[in-house]
Amino acid sequence: MGGAKKITYSRKPYRVSTVGIDQRQLFGQSGAFVKEIELEFPVRIVARGDEIQIYGEEKPALQVKELFEDMIQHLASGGIVSEQMLQYAIRMIKGEEAAAVPDDDRIIMTNRRVPIRPRSEGQKRYVQAIFSSDLVFAIGPAGTGKTYLAVACAVRFLRERRIDRIILVRPAVEADEKLGFLPGDMKEKVDPYLRPLYDALYEMFPRGQVERHIETGIIEIAPLAYMRGRTLNNSFIILDEAQNTTIRQMKMFLTRLGMNSKTIITG
Numbered sequence: 449m450g451g452a453k454k455i456t457y458s459r460k461p462y463r464v465s466t467v468g469i470d471q472r473q474l475f476g477q478s479g480a481f482v483k484e485i486e487l488e489f490p491v492r493i494v495a496r497g498d499e500i501q502i503y504g505e506e507k508p509a510l511q512v513k514e515l516f517e518d519m520i521q522h523l524a525s526g527g528i529v530s531e532q533m534l535q536y537a538i539r540m541i542k543g544e545e546a547a548a549v550p551d552d553d554r555i556i557m558t559n560r561r562v563p564i565r566p567r568s569e570g571q572k573r574y575v576q577a578i579f580s581s582d583l584v585f586a587i588g589p590a591g592t593g594k595t596y597l598a599v600a601c602a603v604r605f606l607r608e609r610r611i612d613r614i615i616l617v618r619p620a621v622e623a624d625e626k627l628g629f630l631p632g633d634m635k636e637k638v639d640p641y642l643r644p645l646y647d648a649l650y651e652m653f654p655r656g657q658v659e660r661h662i663e664t665g666i667i668e669i670a671p672l673a674y675m676r677g678r679t680l681n682n683s684f685i686i687l688d689e690a691q692n693t694t695i696r697q698m699k700m701f702l703t704r705l706g707m708n709s710k711t712i713i714t715g
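In the numbering used here, the protein residues as written are 449 to 715.
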């Protein structure tokens with residue numbers, strides 16, 4: 449009879465600080481998340497004070513260290529670790545989420561022939577998630593490339609005819625979208641809030657082409673309120689600044705998604 453494979457644990461642990469983090473959220477109810485990670489990786493996890501100690505061979509131990517660091521960063525930014533998020537993160541760390549990104553990581557070229565590519569490991573995982581999943585939530589500080597990389601991926605999908613149109617959406621002004629007191633017609637009222645999306649497009653298309661695509665409906669840039677009552681099929685949809693939406697608005701938006709569409713929600 450064949451015996452079980454022996455697991456060799458390192459004597460010196462890999463350490464992750466949990467200072468400022470609620471370990472109950474990190475470890476799950478009764479340590480459920482820790483038990484699940486230990487089932488997925490040949491490691492032993494020990495919590496000592498404000499520190500996680502990971503024992504195991506170098507590769508799996510470093511994978512689990514990276515997994516905990518990602519979960520801690522997510523919690524620190526106000527997120528919640530769920531069973532679904534943990535399962536997805538494990539698959540990403542193990543490399544089971546294949547992404548159709550070129551070997552050189554280049555997404556597209558700008559008008560100036562400068563390649564747009566993810567630079568950090570977090571950005572690489574973000575782009576991989578965009579290519580491999582139909583719905584992606586991107587949470588992070590301002591200036592980390594969430595919107596810019598999503599627009600670059602949308603332009604590539606359009607060029608490769610994977611989708612028929614790009615729809616860029618933002619909450620206008622504030623979560624309640626009260627525009628009535630602002631001067632000008634509707635376009636003049638909302639354009640300043642959509643300017644970051646225009647700027648990204650102008651880097652990736654010639655200006656005249658952006659305007660033509662907007663006129664023909666291939667590219668649509670609109671405030672979130674305009675999504676009510678629609679079903680968005682064959683589209684690449686980006687909801688930017690989603691932290692400014694209400695629960696009601698988010699529910700409305702998520703029920704607009706149709707067949708063969710990809711949606712990125714940043715905030």
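Beta carbons are placed, not taken as given, at the ideal position from N, Cα and C, and that holds for glycine.
As the structure is a computational prediction, the values presented were derived from the model and not from experiment.
Checklist line | Collapsed DSSP secondary structure at V467 in the structure displayed | finding: coil
Notebook entry, point to check: From this set, K542, R554, E659 and L474, which residue's C-alpha is nearest R604's C-alpha?
Noted result: R554
Check: According to the Cβ coordinates, are R492 and G504 closer than 8 Å?
Finding: yes
Check: Along the chain, which unbroken stretches of the beta strand (DSSP E) at least 3 residues long are found entirely within the segment 480-556?
Finding: 491-496 and 499-504
Checklist line | With 16 other Cβ atoms within 10 Å as the buried cut-off, status of R704 | finding: buried
Note to self: Measuring alpha carbon to alpha carbon, tell me which residue in V529, A598, I528 and Y536 is nearest I556.
What the structure shows: A598
Check: Hey, how far is the Cα of L474 from the Cα of V464?
Finding: 12 Å
Note to self: Taking contact to mean 3 or more Cβ pairs, one atom from each stretch, closer than 8 Å, check whether the segment 576-589 and the segment 704-713 are in contact.
What the structure shows: Yes, the segment 576-589 is in contact with the segment 704-713.
Margin query: For P619, count the other beta carbons within 10 Å of its own beta carbon; 16 or more makes it buried, fewer makes it exposed. Which is it?
Written below: buried
Next item on the list: May I have the straight-line CA-CA distance separating F579 from V562, to the nearest angstrom?
Entry: 21 Å
Next item on the list: Could you tell me if T711 is buried or exposed, where buried requires 16 or more neighbouring beta carbons within 10 angstroms of its beta carbon?
Entry: buried
Next item on the list: May I ask you to verify whether the segment 607-616 touches the segment 650-658, counting CB pairs closer than 8 Å and requiring at least 3?
Entry: no
Checklist line | Pair within 8 Å by beta-carbon distance, H522 and I587 | finding: yes
Next item on the list: Below 8 Å CB to CB, which residues in the same chain sit around S709 once its five sequence neighbours on both sides are set aside?
Entry: Correct list, in chain order: D582, I611, L680, N681, N682, S683, F684 and I685.
Item checked: Spatial distance of V575 from I564 (CA atoms) -> Their Cα atoms are separated by approximately 11 Å.
Item checked: Alpha-carbon spacing of I500 relative to Q511, whole angstroms -> 14 Å
Next item on the list: Counting only the same chain and skipping the five closest in sequence on each side, list residues whose C-beta sits under 6 Å from that of I538.
Entry: E488
Item checked: Contacts around E484, its chain only, beta-carbon distance under 7 Å, and the 5 residues preceding and following it disregarded -> Correct list, in chain order: L534.
Note to self: On the criterion of 16 or more Cβ atoms from any shown chain inside 10 Å, does D688 qualify as buried, or is it exposed?
What the structure shows: buried
Next item on the list: Can you grab the Cα-Cα spacing for the pair G591 / A495, in whole Å?
Entry: Their backbone Cα atoms lie some 34 Å apart in a straight line.
Notebook entry, point to check: Thinking just about the alpha-carbon of each residue, which of E569, G593 and I666 is nearest to the one in R609?
Noted result: I666
Note to self: In the DSSP assignment, the beta strand (DSSP E) including I580 goes from what residue to what residue?
What the structure shows: In the sequence on display, residue 580 carries Ser and not Ile. Premise fails: S580 lies in the alpha helix (DSSP H), E569 to S580, not in any beta strand (DSSP E).
Next item on the list: For E517, collect the residues of the same chain with a Cβ closer than 8 Å to its Cβ; drop the 5 residues on either side in sequence, then sort them by chain order.
Entry: V464
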